[in-house]
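Here the protein sequences line up with chains A and B, keeping their order. Everything in the first sequence is counted per the numbering used here, starting at 5 for the first residue and increasing by one. Everything in the second sequence is counted per the numbering used here, starting at 28 for the first residue and increasing by one. From the three backbone atoms N, C-alpha and C, an ideal C-beta is built for every residue, glycine too. Nothing here was measured: the structure is a model prediction, and the numbers come from that model. Working notes for the structure below.
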Amino acid sequence: MTIVAPTEEQQALRGMLRSFFAERWPEEALRTAAGSAHGHDAQLWKAMAEDLGLHGLAVPEDLGGGGFTYPDLLVVFEEMGRALVAGPFFASIAMASTLLLALPDRDAQERLLPGIAAGERIVTVAAVETPTSWDATRVAVDATGTGGARTITGEKLFVLDAEVADVLLVVVRTEHGTGVAEVDTAAPGVRVEPMATVDTTRRQARIVFESSPARLLAPDHDATPAVRRMCDLAGVALAAEQVGGAHRVLEMATAYAKTREQFGRPIGGFQAIKHLLADQLVSIESARAALGYAATATVTGTGLPVAASVAQTLCSEVFSAAAETNIHVHGGIGFTWEHQAHLYYKRAVSSEVLLGRPRDHRARIAAHLLASPETA
Amino acid sequence: MSGLEEFRSRVEAFLGARYPRRPEMLRHGQGDDSLVGAAFRDSDDEVGDLQRARDYQRELFDAGLAWLGGPVEYGGAGLGAEERRAFAEIVRRYDVPDVNGLLVGQQIIAPAILAHGSAGQRARLLPALWSGELVGCQLFSEPGAGSDLASLRTRARRTDGGWRVDGQKVWSSGAHLAHVGELLARTSPDPASRTRGLTMFLLGMDSLGVTVRPLRQMTGTAHFCEVFLDDVFVPDDAVLGEVGGGWAVANVSLNSERDNFGDEGANLFIRLLDRLVLLGQEIGATEDPDVRDRLADGYIRHVIGQVLPASLENAVPEVAAAGASLVKLFATDADRRLAQLALDILGPALVADTGAWGTYAWSRVLLGIHATRIAGGTDEIQRNILAERALGLPREARSFQGGR
Numbered sequence: 005m006t007i008v009a010p011t012e013e014q015q016a017l018r019g020m021l022r023s024f025f026a027e028r029w030p031e032e033a034l035r036t037a038a039g040s041a042h043g044h045d046a047q048l049w050k051a052m053a054e055d056l057g058l059h060g061l062a063v064p065e066d067l068g069g070g071g072f073t074y075p076d077l078l079v080v081f082e083e084m085g086r087a088l089v090a091g092p093f094f095a096s097i098a099m100a101s102t103l104l105l106a107l108p109d110r111d112a113q114e115r116l117l118p119g120i121a122a123g124e125r126i127v128t129v130a131a132v133e134t135p136t137s138w139d140a141t142r143v144a145v146d147a148t149g150t151g152g153a154r155t156i157t158g159e160k161l162f163v164l165d166a167e168v169a170d171v172l173l174v175v176v177r178t179e180h181g182t183g184v185a186e187v188d189t190a191a192p193g194v195r196v197e198p199m200a201t202v203d204t205t206r207r208q209a210r211i212v213f214e215s216s217p218a219r220l221l222a223p224d225h226d227a228t229p230a231v232r233r234m235c236d237l238a239g240v241a242l243a244a245e246q247v248g249g250a251h252r253v254l255e256m257a258t259a260y261a262k263t264r265e266q267f268g269r270p271i272g273g274f275q276a277i278k279h280l281l282a283d284q285l286v287s288i289e290s291a292r293a294a295l296g297y298a299a300t301a302t303v304t305g306t307g308l309p310v311a312a313s314v315a316q317t318l319c320s321e322v323f324s325a326a327a328e329t330n331i332h333v334h335g336g337i338g339f340t341w342e343h344q345a346h347l348y349y350k351r352a353v354s355s356e357v358l359l360g361r362p363r364d365h366r367a368r369i370a371a372h373l374l375a376s377p378e379t380a
Numbered sequence: 028m029s030g031l032e033e034f035r036s037r038v039e040a041f042l043g044a045r046y047p048r049r050p051e052m053l054r055h056g057q058g059d060d061s062l063v064g065a066a067f068r069d070s071d072d073e074v075g076d077l078q079r080a081r082d083y084q085r086e087l088f089d090a091g092l093a094w095l096g097g098p099v100e101y102g103g104a105g106l107g108a109e110e111r112r113a114f115a116e117i118v119r120r121y122d123v124p125d126v127n128g129l130l131v132g133q134q135i136i137a138p139a140i141l142a143h144g145s146a147g148q149r150a151r152l153l154p155a156l157w158s159g160e161l162v163g164c165q166l167f168s169e170p171g172a173g174s175d176l177a178s179l180r181t182r183a184r185r186t187d188g189g190w191r192v193d194g195q196k197v198w199s200s201g202a203h204l205a206h207v208g209e210l211l212a213r214t215s216p217d218p219a220s221r222t223r224g225l226t227m228f229l230l231g232m233d234s235l236g237v238t239v240r241p242l243r244q245m246t247g248t249a250h251f252c253e254v255f256l257d258d259v260f261v262p263d264d265a266v267l268g269e270v271g272g273g274w275a276v277a278n279v280s281l282n283s284e285r286d287n288f289g290d291e292g293a294n295l296f297i298r299l300l301d302r303l304v305l306l307g308q309e310i311g312a313t314e315d316p317d318v319r320d321r322l323a324d325g326y327i328r329h330v331i332g333q334v335l336p337a338s339l340e341n342a343v344p345e346v347a348a349a350g351a352s353l354v355k356l357f358a359t360d361a362d363r364r365l366a367q368l369a370l371d372i373l374g375p376a377l378v379a380d381t382g383a384w385g386t387y388a389w390s391r392v393l394l395g396i397h398a399t400r401i402a403g404g405t406d407e408i409q410r411n412i413l414a415e416r417a418l419g420l421p422r423e424a425r426s427f428q429g430g431r
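As structure tokens, this is what we get:
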């Protein structure tokens, strides 16, 4: 059981991204986007794609990408989670791009990935239909028709950033099991209904399809493995965001505890606060270790489903607890709209349940563990 | 063959020629059902157990497999973390003697000698500790000085050719079997700085005036001791480090001790998660969603416990430097959760022996875990270390210090 240490390139990328977001994503930009109609900053998006090439980082070069590894891309997610960057990057890159790369459909990859990689086209994934099932392959919406030409009718929930998306990848039922259908958001019979969301830096929508024209990708295949792979890889990307966010809120709480004085001394000098923050540090470093473990599994390919669930469970719970602690350490000011603490907390709780609750992932781990009980 | 592969086959060959392999698959009901290492186990032949550990250690030492990370000039093998991990992984598959009784000398005293010892002390003592020739114990805590170690009162006074020591030490694991004690004593009562007046000594445990009394622990075993020092003579060449520089030496030992807690080599508990899974399956508890949830949690913590030390090497420097405290808190919490789950699975069969294999054995774990949250610095001391050194929060108020 090993983890791969960060490469020099990754360390350089991290440093570069930290200065980039510090400069291009100040708190005003975050608040503007969070309060805007779609939660998307088109200017930042353009700079991320054109100046830095972040969107296509892990897309192969012959598909318009940078040809870097998934762990390289995870550095981007960690820094974006830390800076709480709003917008459809997670939807378009961690989910849609990953799903396309996992599907055996070269045409679709050539048609969609260069645009995604250039930041010119925003794509999101519509999978979940009921609040109680996070399993993206347990869908009921049918793709009627034959071959690639299909029609879909039905409803999808919790679709990320659908309002700004150009294309939807809809997980559907087909004669082979699970399928992925490409649907234009502007196509007839597609209605995007924004859902009110706790986290306004990442929007969600209900999508209603009424006899909408759809193109079934890899029409001769069962897409279940591709959808599962997307869930795993996106789960690791989400874990990276969570680790980045968790580090940031611990920094905020620690900085405040050093300067805020009560009873004639900084509150960070009281063990009640010191131990609270020390416990958060233990949790956050364990989450970072889980991320490193899962990141390694994305490369070696062995045990990715379990490693992804390990990271998702731990990073989800750790970020939520750290964000809650941050509010608490700040006291009344932490509960105000003006302070950033709530923005991170809202991202944390939304992320915690985005790709399966921690208990869902633990159920998956338990099934694995009980099937082959040797942990040695 | 790469260096690492070569090393692995060397370890396999060494162990394979001497010790039986443990069964590939752990099975419920098979073999010894104990879940604890020597530190918490009853033995009617303590001296014999230790002798077997020393003989094994001697063989390891002669084969260059004892002190893997240590410098070659003092009997170490000069190898890296990869080899240490490989050795730990391989040795787990063989039924070798439990070396817990040697760990204080090797993991706690030897690092202090390496960092602060004279050339003579290093050359003489490091090979002796790592070959099992010498068994060590720690003489740090006192009845009045636990977490606040620097308040200790054992005094060492100058005399011709050395020092005379008076005082009382406590919680000294294995002191009744040890040859050498790492003794922290006050050599000058400096009210301005409690830590500057401390000096470290390497005390021969057979010295005149040393009385060792084993204390019975809540597990029923008697592995830690109280040690009375009555006008004990310690020669000058037994001072470790500078006179008045004992606090720095103690900190090397304490850091190493904490490191060791996250290490399976300490062998305090044996494969708790595997055993708990097998137990749950045996008694039909694994359909219970709560049990499944908590077993998965145990698995997560098991996996993370294995990768956490390597991950911390890449943390920001202040966090990496306090990594041992972090690993100790994480590891002891993980063990505690498993013990609690065992209690929930077994119910009364954990606290009263039904005779069924591998059930009442968990009582030793449930009792033993409390030691890990106290020994080597309590959880609260570890949290202070993390808060102050890793997060830079204000240090504890000094208002109660000094002037003793």
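query                                                                                                                                                                       : result
Output, in sequence order along the chain, the residues in the region 290 to 301 of chain A whose CB is closer than 8 Å to any CB in chain B.                               : 290, 292, 293, 294, 296 and 297
Which of the three DSSP states, helix, strand or coil, is assigned to residue 92/B?                                                                                         : coil
Please list the partners that residue 369/A has in chain B, where partner means a Cβ-to-Cβ separation under 8 Å.                                                            : 323, 326 and 327
Using a 10 Å radius around the Cβ and a threshold of 16 neighbouring Cβ atoms, would you call residue 427/B buried or exposed?                                              : At residue 427/B, the pLDDT of 45 sits below 50, so the modelled position is not reliable and the matter cannot be decided from this model.
On the criterion of 16 or more Cβ atoms from any shown chain inside 10 Å, does residue 238/B qualify as buried, or is it exposed?                                           : exposed
Is the CB of residue 380/A under 9 Å away from at least one CB in chain B?                                                                                                  : Any answer about residue 380/A is weak, because its pLDDT of 42 lies below 50 and its placement is not dependable; what the coordinates show is given next. Cβ-Cβ to chain B under 9 Å: yes for residue 380/A.
Any beta-carbon of chain A closer than 9 Å to the one on residue 372/B?                                                                                                     : no
Residue 365/A CB to nearest chain B CB: under 9 Å?                                                                                                                          : yes
Using three-state DSSP, classify residue 118/B as helix, strand or coil.                                                                                                    : helix
In its own chain, which residues sit with a C-beta less than 6 Å from the C-beta of residue 390/B, not counting the 5 before and 5 after it?                                : 377
Between the beta-carbon of residue 187/A and the beta-carbon of residue 171/A, is there less than 9 Å?                                                                      : yes
Would you verify that the beta carbon of residue 43/B is, or is not, closer than 9 Å to some beta carbon of chain A?                                                        : no
For the beta strand (DSSP E) holding residue 165/B, just list the boundary residues, first then last.                                                                       : 163 to 166
Exposed or buried, residue 92/A, counting other C-beta atoms within 10 Å across all chains shown (16 or more means buried)?                                                 : buried
Tell me which same chain residues have a C-beta within less than 6 Å of the C-beta of residue 273/B, skipping the five on either side of it?                                : 211, 225, 226 and 227
Between residue 315/A and residue 370/A, which are expected to be in contact by the criterion C-beta below 8 Å, what is the C-beta distance as a whole number of angstroms? : Going by Cβ atoms, the distance from residue 315/A to residue 370/A rounds to 16 Å, so no, they are not a contact pair.
Please say whether residue 141/A and residue 175/A have beta carbons closer to each other than 9 Å?                                                                         : yes
State yes or no: is the C-beta of residue 63/A within less than 9 Å of the C-beta of residue 120/A?                                                                         : yes
In chain order, what residues of the region 405 to 426 of chain B put their CB closer than 9 Å to some CB of chain A?                                                       : 406, 407, 409, 410, 411, 412, 413, 414, 415, 417, 418, 419, 420, 421, 422, 423 and 424
Please report whether the beta-carbon of residue 171/A lies at a distance below 9 Å from any beta-carbon of chain B.                                                        : no
Going along chain A, which residues have a C-beta under 7 Å from residue 357/B?                                                                                             : 286 and 290
Looking at residue 239/A: is its Cβ nearer than 9 Å to the Cβ of residue 313/A?                                                                                             : yes
Look at the alpha carbon of residue 290/A and the alpha carbon of residue 423/B, and state the distance between them as a whole number of angstroms.                        : 26 Å
Identify the contact partners of residue 10/A in chain B, using a Cβ-Cβ distance below 7 Å as the criterion.                                                                : 341
Rank 39/B, 50/B and 199/B by C-alpha distance to the C-alpha of residue 115/B and give the top, closest one.                                                                : 39/B
Who are the neighbours of residue 331/A on chain B, taking C-beta pairs under 9 Å?                                                                                          : In chain order: nothing, as chain B lies at least about 18 Å away.
Of the residues 331/B, 120/B, 102/B and 93/B, which one's Cα is nearest the Cα of residue 287/A?                                                                            : 331/B
Do residue 250/A and residue 7/A have their CB atoms nearer than 9 Å?                                                                                                       : no
How should residue 412/B be labelled, buried or exposed, when 16 other C-beta atoms within 10 angstroms of its C-beta is the threshold for buried?                          : buried
Cutting at 7 Å between CB atoms, please list the residues of its own chain near residue 282/B, excluding the five before and the five after it.                             : 351
So, do the region 399 to 411 of chain B and the region 345 to 361 of chain B have three or more beta carbon pairs nearer to each other than 8 Å?                            : yes
Any heavy atom of the ligand SAM closer than 8 Å to the beta-carbon of residue 415/B?                                                                                       : Judged by which ligands are present, the structure shown has none, so any question about the ligand SAM falls away.
Please give me, in chain order, every unbroken run of the beta strand (DSSP E) with length at least 3 that falls completely inside the region 161 to 212 of chain B.        : 163 to 166, 182 to 186 and 189 to 200
Flag this pair as yes or no: are the beta carbons of residue 210/A and residue 160/A separated by less than 9 Å?                                                            : yes
Could you give the residue range of the beta strand (DSSP E) that holds residue 258/B?                                                                                      : 251 to 262
Under 8 Å: do the region 147 to 155 of chain B and the region 174 to 185 of chain B share three or more Cβ pairs, one atom per stretch?                                     : no
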